[in-house]
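S.K.: These protein sequence lines map, in sequence, to chains A and B.
Its first residue numbered 14, the first sequence is counted upward by one per residue in this note's numbering.
Its first residue numbered 14, the second sequence is counted upward by one per residue in this note's numbering.
Number of protein chains: 2
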Amino acid sequence: MWDRFLRACCFQSVDRTPVWFMRQAGRYMSEYRAIRARRTLIEICKAPELATQVTLQPVQALGVDAAILFADILLPLEPMRASFEFRADDGPLIHSPIGDRAGVDALRIPDPEADLGYVLETVRLVRRELEGKTPLVGFAGAPFTMASYLIEGGKSTSFLRTKRFMHREPAIWASLLEKLVEVVRRYLRAQIGAGAQAVQIFDSWAGALTVYDYAEFVAPYMKVLFDDLKTTGVPVIHFSADNGHLLELQRDTGGSVIGVGWQTPIDVAATRLGKSVAIQGNLDPVALLAPRPILARRVEQILEAVARPTGYVFNLGHGILPETDPAAVAFVVDRVHSWRTE
Amino acid sequence: MWDRFLRACCFQSVDRTPVWFMRQAGRYMSEYRAIRARRTLIEICKAPELATQVTLQPVQALGVDAAILFADILLPLEPMRASFEFRADDGPLIHSPIGDRAGVDALRIPDPEADLGYVLETVRLVRRELEGKTPLVGFAGAPFTMASYLIEGGKSTSFLRTKRFMHREPAIWASLLEKLVEVVRRYLRAQIGAGAQAVQIFDSWAGALTVYDYAEFVAPYMKVLFDDLKTTGVPVIHFSADNGHLLELQRDTGGSVIGVGWQTPIDVAATRLGKSVAIQGNLDPVALLAPRPILARRVEQILEAVARPTGYVFNLGHGILPETDPAAVAFVVDRVHSWRTE
Numbered sequence: 014m015w016d017r018f019l020r021a022c023c024f025q026s027v028d029r030t031p032v033w034f035m036r037q038a039g040r041y042m043s044e045y046r047a048i049r050a051r052r053t054l055i056e057i058c059k060a061p062e063l064a065t066q067v068t069l070q071p072v073q074a075l076g077v078d079a080a081i082l083f084a085d086i087l088l089p090l091e092p093m094r095a096s097f098e099f100r101a102d103d104g105p106l107i108h109s110p111i112g113d114r115a116g117v118d119a120l121r122i123p124d125p126e127a128d129l130g131y132v133l134e135t136v137r138l139v140r141r142e143l144e145g146k147t148p149l150v151g152f153a154g155a156p157f158t159m160a161s162y163l164i165e166g167g168k169s170t171s172f173l174r175t176k177r178f179m180h181r182e183p184a185i186w187a188s189l190l191e192k193l194v195e196v197v198r199r200y201l202r203a204q205i206g207a208g209a210q211a212v213q214i215f216d217s218w219a220g221a222l223t224v225y226d227y228a229e230f231v232a233p234y235m236k237v238l239f240d241d242l243k244t245t246g247v248p249v250i251h252f253s254a255d256n257g258h259l260l261e262l263q264r265d266t267g268g269s270v271i272g273v274g275w276q277t278p279i280d281v282a283a284t285r286l287g288k289s290v291a292i293q294g295n296l297d298p299v300a301l302l303a304p305r306p307i308l309a310r311r312v313e314q315i316l317e318a319v320a321r322p323t324g325y326v327f328n329l330g331h332g333i334l335p336e337t338d339p340a341a342v343a344f345v346v347d348r349v350h351s352w353r354t355e
Numbered sequence: 014m015w016d017r018f019l020r021a022c023c024f025q026s027v028d029r030t031p032v033w034f035m036r037q038a039g040r041y042m043s044e045y046r047a048i049r050a051r052r053t054l055i056e057i058c059k060a061p062e063l064a065t066q067v068t069l070q071p072v073q074a075l076g077v078d079a080a081i082l083f084a085d086i087l088l089p090l091e092p093m094r095a096s097f098e099f100r101a102d103d104g105p106l107i108h109s110p111i112g113d114r115a116g117v118d119a120l121r122i123p124d125p126e127a128d129l130g131y132v133l134e135t136v137r138l139v140r141r142e143l144e145g146k147t148p149l150v151g152f153a154g155a156p157f158t159m160a161s162y163l164i165e166g167g168k169s170t171s172f173l174r175t176k177r178f179m180h181r182e183p184a185i186w187a188s189l190l191e192k193l194v195e196v197v198r199r200y201l202r203a204q205i206g207a208g209a210q211a212v213q214i215f216d217s218w219a220g221a222l223t224v225y226d227y228a229e230f231v232a233p234y235m236k237v238l239f240d241d242l243k244t245t246g247v248p249v250i251h252f253s254a255d256n257g258h259l260l261e262l263q264r265d266t267g268g269s270v271i272g273v274g275w276q277t278p279i280d281v282a283a284t285r286l287g288k289s290v291a292i293q294g295n296l297d298p299v300a301l302l303a304p305r306p307i308l309a310r311r312v313e314q315i316l317e318a319v320a321r322p323t324g325y326v327f328n329l330g331h332g333i334l335p336e337t338d339p340a341a342v343a344f345v346v347d348r349v350h351s352w353r354t355e
């Protein structure tokens with residue numbers, strides 16, 4: 014059943030539980046490292062043939078039920094005129110972090126076809142390769158997570174600058190989030206137009222907010238975004254790492270599938286979310302490094318706890334770590350596919 | 014009421030909600046920076062007169078309802094023969110991280126009076142100063158959190174090495190945790206013997222574990238520790254950051270007070286924990302940097318949500334950040350004290 018992933022997102026019956034992995038194309042695979050050895054991440058993204066090849070690697074090697082576009086959530090920053098680079102070990106560095114109204118006003122809303130055409134071309138190429146075999150998931154960073162990079166200038170642990178910005182400059186924060194909603198909305202609609210059969214919105218760091226801050230400073234913007242994307246008809250996955258405290262709020266802002274971070278037991282998440290949304294998750298990425306008997310048990314604990322015949326997609330609760338053995342990932346695919354859905 | 018903190022821990026009636034702050038003695042205070050300017054953190058800890066002075070600073074400046082011993086959870090590592098240093102910005106560095114049986118066997122169980130006498134002397138000095146005015150909280154790192162430093166060699170984000178160790182070498186892991194239980198047990202009993210009127214166990218990073226790993230590889234050891242400490246009769250606070258998924262498991266291992274990370278709404282935590290334990294928390298430390306109206310609202314949202322006349326201690330959900338204005342902390346103390354308990 015080539016479309017069991019799409020069917021599970023929509024609560025249609027499936028023959029097997031679908032499975033894919035966040036960061037399933039990446040450094041843990043030797044096929045990827047071979048391509049990456051002579052090129053930067055951005056160079057691969059900007060070469061649609063290469064990005065296509067990388068997107069297809071895990072589909073071919075692992076037999077996962079969905080391909081995810083090879084790209085990066087920060088790609089739109091360049092045409093927004095917020096220049097950045099990836100540093101070897103320290104992650105992204107935004108050259109001029111935003112701290113005021115002028116910084117927000119200077120951000121441009123990209124035209125996806127003109128400014129991010131290479132991403133859309135990759136979507137078209139991947140679709141051609143996978144037609145009738147495996148569905149393709151497009152993606153973008155969520156407004157809050159994008160804003161946090163723009164304000165912090167890179168990764169953060171406390172998100173002190175971002176929170177201070179939203180608390181002290183709520184009007185400028187609103188302008189920034191509204192602009193980012195428009196950026197993400199156009200970008201995802203363009204990916205869907207080019208052929209993405211589902212999209213995932215990575216609000217990776219939203220879990221850094223209390224429910225109070227999320228409800229006040231993020232939820233209203235996410236609602237606008239999800240309401241718009243709903244009319245496309247494709248499944249929209251709403252993901253954050255470490256979102257145990259936000260589940261109900263995130264469900265209420267939107268998305269047909271809620272991605273659950275690995276901390277929250279999936280049965281607890283399923284009960285709290287109810288039957289109106291599908292769920293995706295939530296194996297601890299580090300479990301992939303455990304001996305097989307422990308890994309098998311952790312996978313089964315999740316499959317048993319889910320207790321849904323459909324409306325569920327197996328995945329990690331965050332991205333695959335570079336230290337992971339691809340054989341462990343293949344082992345999980347096999348375990349999930351041999352689990353009886355009933 | 015000088016003992017409202019101790020009374021709240023034991024569900025005795027209080028006139029006001031008690032309040033103190035994790036890291037209330039620290040870099041955000043100019044009084045502390047003045048002492049720290051010419052000495053390392055370890056030097057201050059090892060000079061009981063100075064450590065006493067630092068312990069008392071927030072009590073005098075802010076009127077909090079508890080003093081917390083000025084010390085560091087890593088102090089026992091030195092007499093355990095696991096040498097380490099604090100680097101300027103990167104946190105602790107353990108010189109020879111543990112990776113095998115020999116590493117665990119080489120760890121020594123300190124004699125608190127002989128090896129950590131300076132901590133006990135600080136406890137005695139602080140008690141003398143605060144007698145009948147403010148109670149003193151002693152503390153130690155929990156076995157898992159100590160083990161994570163010993164194995165990772167410092168701070169971690171994924172805790173990959175620690176989890177791999179517990180999964181791949183469960184027997185050696187058991188020896189390590191058993192040894193650390195004994196270290197912490199003796200150390201906390203010595204602090205209580207020297208006069209600490211309550212103790213807090215910082216299992217700061219336990220939230221990095223799934224419920225499955227916590228139940229299998231941590232909970233049994235914590236239960237032994239808490240069962241032992243229970244017989245001392247002093248309140249024992251069980252704290253982890255980001256512990257929303259672990260609350261029930263942590264309550265069941267022990268502690269008369271459960272510290273709640275700032276992510277989980279406190280009413281959700283209170284409902285899940287039930288009435289058998291007191292709760293402590295859980296303002297987002299970054300809220301202290303917000304404008305006063307937002308800070309006031311966040312404090313009130315917590316006080317309102319708690320809805321308990323006692324069995325509750327106001328605190329942050331993690332430590333005070335160095336960027337914090339002491340006036341904001343004083344503002345919170347005032348707000349909490351002017352809240353009606355009924």
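Glycine is no exception: its CB is placed at the ideal position from the N, C-alpha and C atoms.
Computed from a predicted structure; not experimentally measured.
#1: According to the Cβ coordinates, are N328 (chain A) and V32 (chain A) closer than 8 angstroms?
#2: Does Y234 (chain A) come out as helix, strand or coil in the three-state DSSP assignment?
#3: Give the straight-line distance between the Cα atoms of F360 (chain A) and T266 (chain B), rounded to the nearest whole angstrom.
#4: Can you tell me the Cα-Cα spacing of T223 (chain A) and T277 (chain B), whole angstroms?
#5: Mapping the DSSP letters down to three states, classify E313 (chain A) as helix, strand or coil.
#6: By the criterion of Cβ-Cβ separation under 7 angstroms, what are the contact partners of S171 (chain B) in chain A?
#7: Of the choices B:D102, B:I214, B:L75, B:L260, whose alpha-carbon is the least far from that of A343 (chain B)?
#8: With V117 (chain B) as the anchor, note down where its alpha helix (DSSP H) starts and where it stops.
#9: For chain A, is any of its Cβ atoms less than 8 angstroms away from the one on T266 (chain B)?
#10: Which bits of chain B does I307 (chain A) rub up against, with CB to CB less than 8 angstroms?
#11: Are the region 60-77 of chain A and the region 111-126 of chain A in contact at 8 angstroms, needing three or more beta carbon pairs?
#12: Whole angstroms is fine: what's the gap from E91 (chain B)'s alpha carbon to F97 (chain B)'s?
#13: If the criterion is Cβ atoms closer than 8 angstroms, does the pair R305 (chain B) and A207 (chain B) meet it?
#14: Would you say K176 (chain B) lies against chain A (beta-carbon separation less than 8 angstroms)?
#15: Just reading off the alpha helix (DSSP H) that E94 (chain B) is part of, what are its end residues?
#16: Determine, for L189 (chain A), whether the minimum Cβ-Cβ distance to residues of chain B falls below 8 angstroms.
#17: Please report how far the alpha carbon of Y200 (chain A) lies from the alpha carbon of M235 (chain A), in whole angstroms.
#18: For R353 (chain B), which option in B:P322, B:E336, B:V326 has the closest C-alpha, if you only look at C-alpha atoms?
#19: Chain D partners of V224 (chain B), CB-CB under 7 angstroms?
#20: Which of the three DSSP states is assigned to I292 (chain A) in this structure?
#21: Apart from the five residues just before and just after R46 (chain B), which ones in its own chain have a Cβ nearer than 8 angstroms to its Cβ?
#22: Determine whether the beta carbon atoms of R141 (chain A) and L149 (chain A) lie at a separation below 8 angstroms.
#23: Please compile the residues from chain B whose C-beta is within a distance smaller than 7 angstroms of the C-beta of R311 (chain A).
#24: On a Cα-Cα basis, can you pick out the residue from A:E56, A:G330, A:A160, A:H350 that is closest to Q37 (chain A)?
#25: So, helix, strand or coil for A184 (chain B), using DSSP?
#26: In the DSSP assignment, find the unbroken beta strand (DSSP E) run with I279 (chain B) in it and report its ends.
#27: Within 10 angstroms of its Cβ, does M14 (chain A) collect 16 or more other Cβ (buried), or is it exposed?
#28: Just tell me which of A:R29, A:T68, A:F34 has its CA closest to the CA of A48 (chain A).
#29: Could you tell me whether any Cβ in chain B is nearer than 8 angstroms to the Cβ of L302 (chain A)?
#30: Residues of chain B with CB closer than 8 angstroms to the CB of Q314 (chain A), please, in chain order.
#31: Return the Cβ separation of L260 (chain B) and A282 (chain B) in integer angstroms, given the expectation that the two are a contact with Cβ distance under 8 angstroms.
#32: So F152 (chain A) and F239 (chain A) are supposed to be a Cβ contact under 8 angstroms. How far apart are they, rounded?
#33: Count the other CB atoms, across all protein chains shown, that sit within 10 Å of the CB of H364 (chain A); report buried if there are 16 or more and exposed otherwise.
#34: Going by DSSP in three states, F325 (chain A) sits in which element: helix, strand or coil?
#35: Name the chain B residues that come within less than 8 angstroms of W275 (chain A), Cβ to Cβ?
#36: How many whole angstroms separate the CB atoms of R348 (chain B) and V326 (chain B), which I take to be in contact at a CB cut-off of 8 angstroms?
M.R.: The relevant details are as follows:
#1: Yes, the Cβ-Cβ distance between N328 (chain A) and V32 (chain A) is below 8 angstroms.
#2: Helix, per DSSP.
#3: In this structure chain A extends from 14 to 355, so residue 360 (chain A) is not present and cannot be described.
#4: Pairing T223 (chain A) with T277 (chain B), the inter-Cα distance amounts to about 8 angstroms.
#5: Helix.
#6: Taking the beta carbon of S171 (chain B) as reference, the chain A residues within 7 angstroms of it are V299, L334, listed in sequence order.
#7: A343 (chain B) has its Cα closest to that of B:L75, out of B:D102, B:I214, B:L75, B:L260.
#8: Note, V117 (chain B): alpha helix (DSSP H), 114-118.
#9: Output row for T266 (chain B): interface = no.
#10: Listed by position along chain B, the residues whose Cβ is nearer than 8 angstroms to that of I307 (chain A) are H180.
#11: No contact exists between the region 60-77 of chain A and the region 111-126 of chain A.
#12: Spanning the two alpha carbons is a distance of roughly 7 angstroms.
#13: Contact: no.
#14: Yes, K176 (chain B) counts as interfacial toward chain A.
#15: Per the sequence shown, residue 94 (chain B) should be read as Arg rather than Glu. Taken as a continuous stretch (DSSP letters only), R94 (chain B) belongs to no alpha helix (DSSP H), as it is neither H nor E.
#16: For L189 (chain A), the answer is no, since every Cβ of chain B falls outside 8 angstroms of its Cβ.
#17: Each residue's alpha carbon lies about 15 angstroms from the other.
#18: That would be B:P322, whose Cα lies nearest to the Cα of R353 (chain B).
#19: Protein chains A and B are contained in the structure displayed, whereas chain D is not.
#20: The three-state secondary structure of I292 (chain A), taken from DSSP, is strand.
#21: Only R40 meet the Cβ criterion.
#22: Contact: no.
#23: From the beta-carbon of R311 (chain A), the residues of chain B found nearer than 7 angstroms are Y225.
#24: Comparing Cα-Cα distances from Q37 (chain A) to each of A:E56, A:G330, A:A160, A:H350, the minimum goes to A:G330.
#25: A184 (chain B) sits in a helix when the DSSP states are folded into three classes.
#26: Bounds of any beta strand (DSSP E) do not take in I279 (chain B); it lies within the alpha helix (DSSP H) bounded by 279-286.
#27: Counting other Cβ atoms within 10 Å of its Cβ, M14 (chain A) stays below 16 and is therefore classed as exposed.
#28: Reading off the sequence, residue 48 (chain A) comes out as Ile, not Ala. In this structure, A:T68 is the residue among A:R29, A:T68, A:F34 with its C-alpha nearest to the C-alpha of I48 (chain A).
#29: Contact of L302 (chain A) with chain B is assigned, a C-beta pair being separated by under 8 angstroms.
#30: Contact annotation for Q314 (chain A) against chain B: Y225 [CB-CB distance below 8 angstroms, chain order].
#31: Distance from L260 (chain B) to A282 (chain B) at the Cβ level is roughly 6 angstroms; contact confirmed, criterion being Cβ atoms closer than 8 angstroms.
#32: That pair is no contact at about 14 angstroms.
#33: Summary: the structure shown does not reach residue 364 (chain A), with chain A confined to residues 14 through 355, and so no result is reported for it.
#34: According to the sequence provided, residue 325 (chain A) is Tyr. The question's Phe does not apply to it. If DSSP states are grouped into helix, strand and coil, Y325 (chain A) belongs with the strands.
#35: Those are T223, listed as they occur along chain B.
#36: R348 (chain B) to V326 (chain B), Cβ: 15 angstroms. No contact.
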